[in-house]
Structure formats: C-alpha cells, structure tokens
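Colleague: Quick one: the structure is below, and I'll ask about it shortly.
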C-alpha cells in the first residue's frame with residue numbers, strides 16, 4: 011500500500027463502553043499539601059487538602075448512556091472534614107439540563123443514604139471549554155461541613171446525565187478501578203455498572219496530619235519493556251509523598267519473578283524522608299538479567315505497616331526477555347475488559363525491538379468474536395510521525411489470529427533501523443468491542459516508560475497516547491540481516507560500439523540481506539568519465555531479497 015506520513019496528535023475523547031470484570035483497586039489517593047490547587051484555572055476557594063482518584067494525564071472517556079447517575083467512593087486517609095467539592099462534566103452543546111450533586115453515606119462500598127437533606131449543587135452546568143477551564147466548585151457553608159474518621163468511606167454522586175446527541179456527559183479516566191459506579195434507574199437505584207475508571211470529582215477539605223507514600227512507576231536504565239538474553243539492567247522507582255507531612259525514612263524492596271513465580275532478584279534500597287507533595291527516585295545497586303526468554307514481573311514495595319494507606323505502596327513492571335526471533339507481547343493472555351469506539355477510531359500497540367536492524371514478519375491479534383471484514387495495519391512509528399507498511403482487510407476468527415506481514419518487495423517481512431513497529435485496528439460499525447488486559451502490570455499506563463498504547467481517530471490519520479490497558483495485539487520480530495550487495499556480473503559489457511553514437515548497458519545489483527540497501531553513489535574512474543555516465547537518478551533502493 012502507499013506509504014503516508016501522519017502527524018501524532020493528542021486525542022481528547024473516546025466514546026467507550028466497558029464490559030467484563032474490572033481489575034483490583036490500585037488507584038492513587040492524592041491529597042495535595044497546604045495551598046495546593048488541583049484545577050489550574052482560577053477558582054474562588056483554596057482548601058488545605060484534596061482527595062483525588064482520577065488521573066488527569068489520561069485521555070478522558072465519556073459514558074454513552076442516557077439519564078444516568080455517576081458516583082465515586084472516597085476514603086478519608088486520616089480524620090478529614092469535607093468542606094467542598096470540585097467536579098467537571100462534558101457539556102459540548104451548552105444544554106441547560108439541570109445537574110444535582112449529593113454526598114452519600116457508604117454501606118458495603120455502595121451509596122446508602124444522603125448526608126445532607128438537600129443537593130449541594132442543583133443547577134445547569136456551563137458549556138465545556140477545556141479540561142483546564144471547566145471545573146465547577148461547591149464551597150459548603152460551615153454548617154454543612156461533614157467530619158469523617160480515618161478510613162471512613164463516603165460517596166459524591168451527580169446526575170442525571172442526559173447524554174444523547176445534545177445532553178451533557180460525565181468524564182472519567184481509563185485506569186481500572188472499583189471506586190466509581192453508575193446507576194441507570196435514578197439516584198436511589200442500584201449502582202451496579204462499573205465504568206472502568208474514576209470520575210472527574212475532587213473531595214475538598216482538611217485532613218489531619220499524615221503522610222502517604224505513593225509508588226508512581228518502575229523503570230530500568232534501558233527504558234525498554236523487552237530485553238535481550240543476559241542483558242543487565244538496574245531498576246528504579248519514583249515515589250511521591252501525597253500526604254501533608256514529611257514521610258519517615260524507610261525502604262524500597264525490589265523483586266523479580268519468572269512466569270512460574272520463582273524469585274530471581276531481590277534488593278532492599280534505602281528511601282530517605284520525602285516532604286509533602288515532593289518525590290524521590292531510588293535505584294538498585296545491583297543489576298538484573300535473565301538468560302531464558304520469557305515473561306518476568308518486577309515488583310517494588312515501599313514503606314512499612316505504619317503508612318496509613320498501603321493500597322498505593324507497590325507497583326509492577328512487565329519485562330520480557332526475547333530470543334533473536336520471538337513474539338513480543340504486553341498482555342498475559344487473559345482479557346478483563348472490552349471497549350468499543352466510534353467508526354474510524356481504533357487502537358494500536360507498538361514495540362521496540364531489542365536491536366537494529368530488526369525485521370517483523372507476523373502479527374497476532376485477539377478478537378472476542380469472528381468478523382467478516384476488519385481493517386488491520388502494520389505501522390512504523392518514529393519520534394514525530396508514522397507510516398503504514400502493510401494493511402489487511404478481511405475476515406478474522408474468534409480468538410487469536412496470526413497473519414504474516416509481507417508484500418512483493420518484502421516477501422520475508424519488513425525491516426527497519428529505528429523507531430517502533432506496531433499493530434493498528436481501525437473500527438467500523440460492524441466490528442466487535444476490542445478486548446484488553448487491564449490487571450497489573452499495565453505497560454500502557456507506566457508514566458516513566460515509552461508510550462506503547464495508542465488511540466486512533468480519523469480512520470488512522472490521528473494517533474494519541476492511550477492508557478486503557480494491554481490490547482490483544484502482538485508482533486513476531488527477528489534481527490534483520492544487514493544489506494548484502496552483490497553484482498550479477500563483474501563486467502559491464504557494452505558490446506560493439508561506434509564513434510559518436512550512444513548505447514547502454516545494465517548494471518544489476520542484488521541484495522541478499524533482509525534489510526534494504528540504498529545506493530547513493532556509483533564510482534566511475536576519471537579516465538572513463540568522458541565516455542561513460544550513469545543514466546538513472548540516485549539514490550535508489552534495493553529491497554531485501556531482490
């Protein structure tokens with residue numbers, strides 16, 4: 011197919027429907043230190059502390075239902091006084107349909123009874139003007155403050171979101187969570203629907219002194235998910251104190267296990283105190299390597315039992331050691347959720363090889379249902395643009411589908427010498443929801459490793475980072491043999507020639523390597539330059555095995 015460069019564009023919204031089970035709760039509880047402001051636009055009130063669950067770095071999603079109520083369960087990390095709320099919805103058309111906001115008591119991780127005798131907000135919402143400028147704030151009167159003890163749960167609920175063509179929608183992130191719920195049968199209905207992320211709601215108020223160490227990521231010094239055999243890497247973790255007092259000195263324990271659960275590496279690293287709102291990165295002194303290809307899980311745990319919130323003190327990193335020819339995969343083979351998107355949208359997953367030049371010869375894509383016509387593409391992704399190497403339009407079966415990727419000029423696959431190679435699907439109206447592996451480790455949502463998950467729009471012409479999970483897409487890669495140039499003949503025979511006449515002869519160049527060769531110059535001895543000239547323009551490419 012014709013190669014076409016496409017700019018990488020940030021995507022704002024996906025219309026999504028989550029299905030299936032949702033992974034365990036592993037959401038960061040973020041309380042800002044005194045004076046911190048979550049919303050970057052100018053608002054009237056600055057509260058001492060804020061409880062935050064959604065991730066503003068992710069592309070927000072819109073729930074596609076109608077007339078639904080949305081709620082998020084908050085947990086007080088220490089004795090906490092709720093003094094206000096910030097929230098944001100997507101009112102793209104400026105509809106005047108009303109919105110109510112309520113605070114509810116929790117019972118068994120579900121909303122139970124309202125804690126005020128009235129809605130704390132009951133009014134239309136303004137038209138959406140951007141993620142940084144559309145926050146609404148509700149400042150309670152002193153008589154409306156609610157005190158919670160450490161560990162108490164409460165709900166903030168808003169609705170009914172009319173949805174549809176002209177109504178407003180909620181906004182939520184794509185990190186799997188069990189904290190947010192949706193009711194389709196009124197505010198007092200059953201909150202049984204899990205959207206798969208957290209709504210753009212912030213609980214504002216004042217917390218008693220506490221510290222909360224949060225592990226943000228694990229990285230290696232190569233910053234790659236796939237490693238060659240016996241390659242040594244040091245491991246690092248970035249830790250933030252989301253509390254409002256300094257954390258004590260503690261430790262970070264790194265561990266690496268193989269697919270059988272055998273521990274291959276363990277090191278304890280000292281972690282110095284961290285002031286509120288700041289972060290610190292620590293690195294192992296020794297390095298990890300593995301001789302056997304396979305899937306390895308790196309874990310880190312920080313702090314001890316005295317941390318008041320132990321749900322965010324650990325993190326997992328997927329590392330795969332690959333042979334010279336091997337399948338590259340982020341998923342673990344099981345898929346917990348599915349997402350649909352609008353026609354012309356889709357997803358992509360990209361992979362860095364362990365070395366260059368590299369060659370990709372097959373892809374593997376999982377479909378929950380058979381389909382008669384899908385649009386699959388192989389893309390080559392650079393720092394600021396990408397191009398398509400191959401495209402398939404045809405049927406797929408339920409489960410894994412393995413497809414060779416080649417063309418006439420590249421019968422053994424496509425070689426490349428920089429960037430990432432990836433698989434893209436572009437959705438049409440008849441395609442089923444795409445499945446993704448959302449339980450940890452989620453390689454697409456590691457903020458300190460390369461972006462490997464992508465959302466697609468405009469029929470593949472736009473690409474933006476996506477953190478939803480590890481989509482069921484894999485590639486098979488091998489080290490590409492470098493170009494190997496030979497001449498079909500060691501002599502260039504012009505045959506019989508006559509004075510003052512012009513003739514030609516072909517110089518045949520063959521490439522027996524798996525990487526393309528670029529011919530950018532042909533040397534002609536100075537004694538022959540008056541009688542011999544090159545008729546074709548340079549440079550020209552000799553593809554592999556041609």
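Residue numbers (this note's numbering): 11 to 556.
We put the beta carbon where it would ideally sit given N, CA and C, even for glycine.
How about residue 469 and residue 436: are their beta carbons less than 7 Å apart?
Modeller: Contact flag set, yes.
Colleague: Assess contact between the region 97–115 and the region 143–156, defined as three or more Cβ pairs (one per stretch) separated by less than 8 Å. Is contact present?
Modeller: Contact holds: three or more Cβ-Cβ distances are below 8 Å.
Colleague: Under 7 Å between the Cβ atoms of residue 253 and residue 221?
Modeller: Yes, they are a contact pair.
Colleague: Taking all protein chains shown into account, do 16 or more other C-beta atoms lie within 10 angstroms of the C-beta of residue 558, making it buried, or fewer, making it exposed?
Modeller: This structure gives no information on residue 558, because the portion of the chain shown stretches from 11 to 556.
Colleague: Which residue wins for smallest C-alpha separation from residue 420, given the options 227, 552, 334, 77?
Modeller: Per the Cα distances, 552.
Colleague: By the three-class DSSP mapping on this structure, what secondary structure does residue 33 have?
Modeller: Bear in mind that the predicted position of residue 33 carries a pLDDT of just 31, short of 50, making it unreliable; the figure below should be weighed with that in mind. Residue 33 falls in the coil class under three-state DSSP.
Colleague: Taking just the CA atoms, how far does residue 239 sit from residue 481?
Modeller: Their backbone Cα atoms lie some 25 Å apart in a straight line.
Colleague: Buried or exposed, going by whether 16 or more other CB atoms sit within 10 Å of the CB of residue 259?
Modeller: It counts as exposed.
Colleague: Can you check which of these residues, 197, 448, 136, is closest to residue 328 by C-alpha distance?
Modeller: Here the closest residue by C-alpha is 448.
Colleague: May I ask which residues mark the beginning and end of the beta strand (DSSP E) holding residue 385?
Modeller: Element bounds for residue 385: 381–391.
Colleague: Using DSSP bridges, identify the partner residues of residue 79.
Modeller: 193.
Colleague: So, are the CB atoms of residue 485 and residue 373 less than 7 Å apart?
Modeller: Their beta carbons are under 7 Å apart, which means residue 485 touches residue 373 by this criterion.
Colleague: Go to residue 362, then tell me how far its beta strand (DSSP E) extends in each direction, as first and last residue.
Modeller: First-last for residue 362: undefined, no H or E at that position.
Colleague: Do residue 427 and residue 367 have their beta-carbon atoms positioned less than 7 Å apart in this structure?
Modeller: Yes. Within cutoff.
Colleague: Give me the Cβ distance between residue 174 and residue 106, rounded to the nearest whole Å; I'm assuming they're in contact under 8 Å.
Modeller: Their Cβ separation, rounded to whole angstroms, is 14 Å, which puts residue 174 and residue 106 out of contact at 8 Å.
Colleague: Quick check: the Cα distance between residue 113 and residue 284, rounded to an integer number of angstroms?
Modeller: Taking the straight line joining both Cα atoms gives about 33 Å.
Colleague: By DSSP, does residue 51 sit in helix, in strand, or in coil?
Modeller: Low confidence applies to residue 51: its pLDDT is 48, below 50, so where it sits in the model is not reliable, and the reading given next is rough at best. Looking at residue 51 - three-state DSSP - the assignment turns out to be coil, as it is neither helix nor strand.
Colleague: Would residue 127 be called buried (16 or more neighbouring beta carbons within 10 Å of its own) or exposed?
Modeller: Exposed.
Colleague: Could you compute how far the alpha carbon of residue 219 sits from the alpha carbon of residue 90?
Modeller: C-alpha separation (whole angstroms): 10 Å.
Colleague: With burial defined as no fewer than 16 other Cβ atoms inside 10 Å of the residue's Cβ, what is the status of residue 132: buried or exposed?
Modeller: It is exposed - the Cβ of residue 132 has fewer than 16 other Cβ atoms within 10 Å.
Colleague: Mind checking whether the beta-carbon of residue 457 lies closer than 6 Å to any heavy atom of the ligand COA?
Modeller: This structure lacks the ligand COA; in fact it carries no ligand of any kind.
Colleague: Are the Cβ atoms of residue 244 and residue 291 separated by less than 7 Å?
Modeller: No, the pair does not count as a contact, with Cβ atoms beyond the cut-off.
Colleague: Out of curiosity, what's the CA-to-CA distance linking residue 28 and residue 182?
Modeller: In this prediction, residue 28 has a pLDDT of 32, which is less than 50 and means its spatial position is unreliable; nothing more can be read from the coordinates.
Colleague: Taking only three categories from DSSP, how would you classify residue 153?
Modeller: The answer is helix: DSSP assigns residue 153 an H, G or I state.
Colleague: Who are the near neighbours of residue 110 in its chain, counting only those whose CB is closer than 6 Å to its CB and skipping five residues on each side?
Modeller: Cβ within range, chain order: 129, 132.
Colleague: Please work out which residues of its chain come closer than 6 Å, Cβ to Cβ, to residue 194, disregarding the five sequence neighbours upstream and downstream, and give them in chain order.
Modeller: Only 78 meet the Cβ criterion.
Colleague: How many angstroms separate the CA atom of residue 52 from the CA atom of residue 134?
Modeller: Confidence in residue 52 is poor, its pLDDT being 48 and thus under 50, which makes the residue's placement unreliable; the coordinate value appears in the next sentence. The alpha-carbon atoms of residue 52 and residue 134 are separated by roughly 20 Å.
Colleague: Starting from the Cα of residue 217, find the closest Cα among 497, 247, 86 and give me that residue.
Modeller: Of the listed residues, the one whose Cα sits closest to residue 217 is 86.
Colleague: DSSP on residue 454, reduced to helix/strand/coil?
Modeller: Correct three-state label for residue 454: helix.
Colleague: Buried or exposed for residue 412, going by 16 or more other Cβ atoms inside 10 Å?
Modeller: With fewer than 16 Cβ atoms within 10 Å of its Cβ, residue 412 is classed as exposed.
Colleague: State buried or exposed for residue 59, treating a residue as buried only when at least 16 other CB atoms are found within 10 Å of its CB.
Modeller: Its Cβ being crowded by 16 or more others within 10 Å, residue 59 is buried.
Colleague: Which ranges would you report for the beta strand (DSSP E) in the region 283–343 if only whole runs of at least 3 residues count?
Modeller: Complete beta strand (DSSP E) runs here, min 3: 289–293, 304–312, 324–332, 335–338.
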